[in-house]
Amino acid sequence: MTGFDLVLLLLSFVYALALSHLLSRLGALLVARDRVQFSGLLALAMLNAVTQVYIGWLAMWDFRGVESWDLYTITLFLVSSILIFLMCVAASPETPEAKPVDMEAFYRANYRLFYGLYLGLLAVYIAMTGVYLLTPTPELALQQSLGNVPFILASLLAILVPARWAQWTAGLLMFSMSTAWAVIFSHTLN
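Pasting the structure below:
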């Protein structure tokens, strides 16, 4: 087993926990749907959280060529997966037994936390770009660092402007840019 395999195995557990947390909360919301006040913004945040789990896992492929994994590098990858887990928590309301669930109120109470965690994730991603210098594709270091700028701007919009238009704009930008990243990335798989 290579260093890459060990790191991927560790992160896969965290990604699985993140996805299972979010999906179990979503399932509970579906079962209790008669007591749930729906929020499109929270549904979008949940979708964005799932997308980040997927992208975090997919992005590991670029690092398969790293020959030597040091503690700093492994820690960066672990911290990124923990931040993704916490994003899933920040987007997933509990469904208490026999009580109404106000998804909009949950979103309003947690959107700054959600986007703040995302900003933290982006900062870790920028720190991780130095690892690209150890791969067969070192040019990705600058490309990925600059590619994070629009995501940072969308997150700042959501954190700084509480208006619904800003929340929808930031959420839709996050989803569309993440989806575009995944589509573009899929062409690099070989």
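For the sequence shown, the numbering used here assigns the number -11 to the initial residue and increments by one for each residue that follows. Think of the CB as a built atom: it goes at the ideal place given N, C-alpha and C, for glycine as much as any other residue. Please read these numbers as outputs of a predicted model, since none were measured by experiment.
Under the three-state reduction of DSSP, V19 is assigned to helix. For V24, the three-state secondary structure derived from DSSP is strand.
In the DSSP assignment, D90 is bridged to Q25.
Cβ-Cβ separation between I72 and L109: approximately 6 Å, consistent with a contact (criterion under 8 Å). For S164, the uninterrupted alpha helix (DSSP H) segment begins and ends at R152 to S174.
The region 126 to 141 and the region 61 to 72 do not touch, with fewer than 3 CB-CB distances between them shorter than 8 Å. Considering only Q132, T167, V137 and V(-5), the residue with the shortest C-alpha distance to D58 is V(-5).
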